[in-house]
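Structure first, then comments.
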Amino acid sequence: MISSVISFMGAWEKIRDHKTAELESLRLAIENYVNGNVTLAEEAFSYREAWEKALFDQGWDLSEKSVFNNTGRKVSVRFAGPTRNGLAAQIGLNNPEFLNRWLYNYANMAVRHDLCEVAILVVPVGDSVPENDRNRTINRRTSFEHYLEQLEMLSPLSLGIPFVIIGYSKHPQLFEVTVYEIESEYASNHEPKNVVVNKSIEFPPEYHQAGVGILNFFSSYLSQNYPDQDATVKIEQRGMNVRMIVESEDGNSEVIEKALHEYEQIMTGKESASKFTNNDKLVLDMRSELRVAKARIESQQDIMLLQNQKLQTSEARVDSLLSIVGIGLQRESVPINVQVNPCIQNHIAIMVNSDVSESLGCLSELQELLSKDDDVALPISDLTSALERIEAEQNTDVVRKSSAMAKFSRFVDSLLDKSSSIRKAVDATQQGYEVALDLVKKYNKVASWCGLPTVPTFE
1 MISSVISFMG AWEKIRDHKT AELESLRLAI ENYVNGNVTL AEEAFSYREA
51 WEKALFDQGW DLSEKSVFNN TGRKVSVRFA GPTRNGLAAQ IGLNNPEFLN
101 RWLYNYANMA VRHDLCEVAI LVVPVGDSVP ENDRNRTINR RTSFEHYLEQ
151 LEMLSPLSLG IPFVIIGYSK HPQLFEVTVY EIESEYASNH EPKNVVVNKS
201 IEFPPEYHQA GVGILNFFSS YLSQNYPDQD ATVKIEQRGM NVRMIVESED
251 GNSEVIEKAL HEYEQIMTGK ESASKFTNND KLVLDMRSEL RVAKARIESQ
301 QDIMLLQNQK LQTSEARVDS LLSIVGIGLQ RESVPINVQV NPCIQNHIAI
351 MVNSDVSESL GCLSELQELL SKDDDVALPI SDLTSALERI EAEQNTDVVR
401 KSSAMAKFSR FVDSLLDKSS SIRKAVDATQ QGYEVALDLV KKYNKVASWC
451 GLPTVPTFE
């Protein structure tokens with residue numbers, strides 16, 4: 001029955017080697033489902049009900065599970081499918097939007113909220129569809145082959161969860177299962193690096209944007225002042241929390257911690273930059289970074305003052321919001337003390353980050369405006385995930401070489417190709433055309449900054 005498999009982040013190998021009992025029960029469920037050997041009390045039932053009963057008969061858990069997101073809203077993850085010992089399995093639906101929804105919503109939520117370790121989707125291969133129906137568009141676009149084509153085009157995939165898509169066939173299997181491993185953007189071509197610095201800071205809102213810029217610039221300080229250090233600086237953001245992770249090939253933290261201490265002394269005004277470096281360009285860049293930080297803090301304070309004036313007239317309406325915020329802040333945090341020296345990030349880099357952020361806004365608008373078919377929605381979702389990873393990146397080499405920019409370039413090419421599915425969807429709505437035009441302009445700004453070719457004007 002199981003003829004082909006799409007695997008991501010080594011998920012199939014993990015299931016095959018460590019979940020043998022669960023895999024066998026899944027195989028039997030698929031066989032019973034495909035052959036119609038599922039008994040239900042109701043005379044009329046849906047495909048999903050038959051699938052859930054097939055798994056239930058093999059000992060899978062059907063109880064509906066819900067999680068709460070960071071705003072306190074209850075989110076159902078039922079559509080990830082029945083669960084058993086770290087696996088969640090769902091049957092594919094004849095809906096051209098389903099793959100995108102399953103990947104970036106159902107499966108993503110289930111794995112990230114620890115309801116399962118690996119998400120599984122079960123779909124037919126082409127030869128399992130009745131011959132008279134094989135040419136129907138809906139059947140072609142929900143087949144294993146079409147899903148494989150879509151994911152291979154997006155490879156390396158910008159998704160941080162392991163998943164498996166199983167293709168089943170009604171015909172006897174003469175050969176072993178064919179496995180297609182999709183490359184992950186999160187995979188490294190090098191040996192794993194050692195984390196030598198892991199700092200988490202919760203910024204007050206008025207310091208958040210400035211703080212992210214200052215933390216980001218440590219990458220430039222480290223690479224310019226200590227060019228022999230093979231280290232990677234990552235910035236992760238979740239709400240007001242910002243985490244800076246520094247990884248090193250050899251795991252030697254002495255030099256990196258020394259550099260971090262110097263950087264802290266400079267940025268807080270305790271020492272001058274000239275005490276630690278002879279690089280005049282680096283000193284000028286640091287002064288520029290602090291000027292930008294000061295401007296960002298002042299701008300944010302002006303915005304907050306305006307909001308506070310409005311809040312005073314509608315205080316009762318935000319009591320519940322303030323309660324949620326208060327509960328969220330009732331944990332130990334590390335405050336940041338941003339002291340801006342007025343006489344002393346790179347302005348161009350800050351603009352690029354802004355363009356990436358605005359590009360994400362354009363993609364969000366396109367997601368709302370355009371068709372939800374996988375041919376359109378899946379590339380948008382994947383590009384969104386990729387760009388989010390470089391949104392705070394200021395190193396031009398990192399941006400230029402990132403898979404995010406390669407995907408951005410391919411997406412823009414599809415917008416310029418009048419025969420592509422994405423371009424046809426854009427042309428179907430005037431507002432979509434205007435957003436796409438803006439997105440191409442944003443791409444050209446980022447590409448020009450990081451040394452990539454620009455593209456012709458969108459027409």
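Going letter by letter, the sequence shown gives residues 1 to 459 in the UniProt record's numbering. Don't be surprised by glycine CBs; every beta carbon is placed ideally from N, CA and C.
| Item | Value |
| --- | --- |
| Bridge partner(s) assigned by DSSP for alanine 231 | Ser248 |
| Distance CB(proline 162)-CB(glutamate 185) smaller than 8 angstroms | no |
| Per-residue burial, residue 515 [other beta carbons within 10 Å of its own, 16 or more giving buried] | Here the chain comprises residues numbered 1 to 459, so residue 515 is not present and cannot be evaluated. |
| Nearest to arginine 78 (by Cα), restricted to the options Glu97, Glu64 and Val5 | Glu64 |
| Supposed close pair isoleucine 6, leucine 151 - CB separation, criterion 8 angstroms | 6 angstroms |
| Cβ-Cβ distance between aspartate 374 and glutamate 183 below 8 angstroms | no |
| Residues that lysine 199 bridges to, as DSSP identifies them | Met244 |
| Three-state secondary structure assigned by DSSP to serine 188 | Confidence at serine 188 is low in this model, with a pLDDT of 46, below 50, so its placement is unreliable and no value can be given for it. |
| Alpha carbon of valine 255 to alpha carbon of aspartate 114, nearest angstrom | 37 angstroms |
| Touching by the beta-carbon criterion (3+ pairs, under 8 angstroms), the segment 420-440 and the segment 388-395 | no |
| Inter-residue spacing [alpha-carbon to alpha-carbon] between valine 80 and alanine 110 | A small fix is needed here, since residue 80 is alanine in this sequence, not valine. Computed Cα separation, rounded: 7 angstroms. |
| DSSP three-state assignment for glutamate 368, whether helix, strand or coil | helix |
| Limits of the beta strand (DSSP E) - the one that valine 179 falls within | 178-182 |
| Cβ-based burial, arginine 112 [other Cβ within 10 Å; buried from 16] | exposed |
| C-alpha distance - serine 3 paired with valine 122, whole-angstrom precision | 11 angstroms |
| Endpoints, alpha helix (DSSP H) assigned at glutamine 431 | 430-450 |
| Spatially closest choice to leucine 148 from Thr20, Leu437, Tyr180 and Phe217, by CA coordinates | Tyr180 |
| Pick from Asp230, Ser357, Leu437 and Gln224 that is closest to tyrosine 263, judged by C-alpha positions | Gln224 |
| Given valine 356 as reference, the closest of Asp280, Tyr221, Tyr433 and Asp438 once Cα atoms are compared | Asp438 |
| Nonlocal neighbours in the same chain, by C-beta distance under 6 angstroms from aspartate 382, ignoring five residues either side | Leu154 and Ser158 |
| Coil, strand or helix - phenylalanine 276 by DSSP | coil |
| CB of isoleucine 30 within 8 angstroms of CB of tyrosine 168, strictly | yes |
| Residue range of the beta strand (DSSP E) that includes glutamine 394 | Here glutamine 394 belongs to no beta strand (DSSP E), and DSSP marks it neither H nor E. |
| Buried versus exposed call for cysteine 343 [16 or more other C-beta atoms within 10 Å across all chains shown] | Low per-residue confidence applies at cysteine 343: pLDDT is 33, beneath 50, and the placement is therefore not dependable, though the value from the model is reported in the following sentence. With fewer than 16 Cβ atoms within 10 Å of its Cβ, cysteine 343 is classed as exposed. |
| Contact set for glutamine 265: own chain, Cβ-Cβ below 7 angstroms, skip 5 residues either direction | Glu271 |
| Beta-ladder partner(s) of isoleucine 120, from DSSP | Ala89 and Val164 |
| Phenylalanine 8 - partner residues in DSSP beta bridges | Phe163 and Ile182 |
| Proximal residues to tyrosine 433 (C-beta, below 6 angstroms), its chain only, five neighbours per side dropped | Val426 |
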